[in-house]
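Chains as they are written, first to last, in the working numbering: chain C, 22 to 324; chain P, 22 to 324.
Note that the Cβ used here is the ideal one computed from N, Cα and C, for glycine as well.
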């Protein structure tokens, strides 16, 4: 089938609507979807400072490119924030730094090593009974928020796509961890705590296939490799399961996201009483007496 | 490991709590769980007439046995209702009828052939674009409700277990069919329509493994075979996926059910405005102008 719009040679078939698009129409479709998500959920307002969480991977590179493109039009200020977790043969911020330099984008890099005194590789070797992704997720979120807060950013944006989100939704459901899902959605809700920079996800309605195709066709200098720890994660398991349903029933990821968005206001209402406390060690916001970051850091000190 | 309670030879390991029980302690555990579910969710009240939906399979046979055992104590009246869908080499109500006769239980049998003029096998051959389970589910629910209503039963009870329920929860979620989930739970809610006999599920907190073990050890004369159409169903697919997560993460089914029950009041509140209409053809309750039963029956007439 030729491109649905202009009859040119197609580059992608969209799984949900089953239409095919050529390169130029796909770019238009992709960028329009991002703009629509931003305006529908009021993700970004004029003159805001937006910190873009950059891993150097395909999704965040596309996000940085697109937001930088929008910057002039919407009078927003874009700054890149990156975390070096210390994962050998994987994390590589070289291209990201080069890209930011060439495009005059300010970049702020924090590292696990500098902030906590250990790399993720070192932490994983020392703590055996926690999944690497759990350690990394907690520490990375802390540093991203810290950087965004210090840079006085109004929003912190991540490149999470529909696949990431549908996995998170399902992970929380099958783990009986519903309260965690109140933090999901195109923009974080509930927590009206000034110490948290609101997180937004402009790629919320784009699938992994679409974000990967976009980055590939835009020829961003990124590596399409997976984190070495992802194979042993619960997320990887749930991803494979959702992909297997999607294969037989195209549109499943969209349906999961739609179900979730229908439910989200009720869910946030259900847990609206949950309080944000202050960690007795580091004075950062926490759900318990000691925050997860300090729990991990202390565990490592005593390991 | 010996039985956790009495040190006898164990017959089962409970996946969620990781304890092992002997035959006699397992029977106690199983029956206590049923009684607790009934009292916690107020499933059955004194002097009620309970219609037990019986397929002749393991779950409904155990349910019929247990409710009949409870009948005297709770002053309830128990009547069996069975549906013969017309599935060759599968549906067999011989043992069920014999059991009811031996135990003085009234039994009421309806059949697709008598009520609609065709067996499920005939319907499946004629209508190609609907999943057999969808046809069967709609028609069976209609006949069960009709029988329970005609018998003036206060409740209609089914042998649905935790596996069935966690599958339904996930199926509705990944299909974007959340409103359907408002009908799930240990007892049907929302619809306060006299034409619907409330449905209850005393095995709600028991896994398939537990109900199968119970029926097997009680030596009920049932066949442990699967419906020939189940292999091609979406339910079968979701069942395999949940089982694969449960295998790596024991307790997943319990977590899904707990998440769901936490959510259910909010979900029912979300859809409380949904109206029950009256089918213009058969005057039975319906969500649309024409009920699903009539849609299927008409499709078959015109096929």
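- Annotated three-state conformation of residue 28 of chain C is coil, per DSSP.
- The beta-carbon of residue 111 of chain C is placed no less than 8 Å from the nearest beta-carbon of chain P.
- Contacts with chain C (Cβ-Cβ distance below 7 Å) from the stretch 170-196 of chain P involve 194, 195, 196, listed in chain order.
- Taking 8 Å as the CB threshold, residue 284 of chain P lines the interface with chain C.
- The beta carbon of residue 209 of chain C does not come within 8 Å of any beta carbon belonging to chain P, so the residue lies off that interface.
- Collapsing the DSSP output to three states places residue 96 of chain P in coil.
- Residue contact check for residue 273 of chain P against chain C: a CB pair falls below 8 Å.
- Relative to the Cα of residue 80 of chain C, the nearest Cα in the group C:256, C:282, C:69, C:223 belongs to C:223.
- The beta strand (DSSP E) runs lying completely inside the stretch 41-120 of chain C and spanning 3 residues or more are 41-43, 70-75, 98-105, given in chain order.
- Taking the C-beta atoms as reference points, residue 41 of chain P is found nearer than 8 Å to residue 24 of chain P.
- Under the Cβ criterion of 8 Å, residue 288 of chain C is counted among the residues facing chain P.
- For residue 301 of chain P, the three-state secondary structure derived from DSSP is coil.
- For the 8 Å CB-CB criterion, residue 177 of chain P and residue 72 of chain P form a contact.
- Neighbours of residue 276 of chain C across chain P, judged by C-beta separation under 9 Å: 194, 195, 196, 197, 198.
- A direct Cα-to-Cα measurement between residue 146 of chain C and residue 187 of chain C gives close to 30 Å.
- About 7 Å separates the beta carbons of residue 249 of chain P and residue 108 of chain P, which is inside the 8 Å limit, making them a contact pair.
- With fewer than three CB-CB distances shorter than 8 Å, the stretch 80-92 of chain C does not count as touching the stretch 251-267 of chain C.
- Excluding residues up to 5 positions away in sequence, 97, 175, 176 lie with their Cβ nearer than 7 Å to the Cβ of residue 69 of chain P in the same chain.
- The stretch 128-183 of chain C is shown to contain whole alpha helix (DSSP H) runs of 4 or more residues at 133-137, 141-147, 153-171, in chain order.
- The beta carbons of residue 182 of chain C and residue 228 of chain C sit about 6 Å from each other, so the pair counts as a contact at 8 Å.
- None of the residues of the stretch 82-93 of chain C has a beta carbon lying less than 9 Å from any beta carbon of chain P.
- Per DSSP, the unbroken alpha helix (DSSP H) holding residue 277 of chain P starts and ends at 273-291.
- The beta-carbon of residue 280 of chain P is placed less than 8 Å from the nearest beta-carbon of chain C.
- Taking the Cβ atoms as the reference, residue 280 of chain C lies roughly 5 Å from residue 194 of chain P, within the contact range of under 8 Å.
- For residue 258 of chain C, the C-beta contacts it makes with chain P under 9 Å involve 265, 266, 269, 270, in order along the chain.
- Within a 10 Å sphere around the beta-carbon of residue 245 of chain C sit fewer than 16 other beta-carbons, which makes this residue exposed.
- Using a Cβ-Cβ cut-off of 8 Å, residue 205 of chain C is close to nothing in chain P; its nearest Cβ partner there is about 14 Å away.
- Of the residues P:208, P:114, P:154, the one whose Cα lies closest to the Cα of residue 128 of chain P is P:114.
- Under the Cβ distance rule, residue 227 of chain P does not count among the residues neighbouring chain C, no pair being separated by less than 8 Å.
- Contact note: residue 262 of chain C reaches chain P through 262, 265, 266, using a C-beta cutoff of 8 Å and chain order.
- Between the C-alpha atoms of residue 39 of chain C and residue 33 of chain C there is a straight-line separation of about 10 Å.
- Among the CB atoms of chain C, one or more fall inside 8 Å of the CB of residue 291 of chain P.
- The alpha-carbon separation between residue 277 of chain P and residue 230 of chain P amounts to approximately 16 Å.
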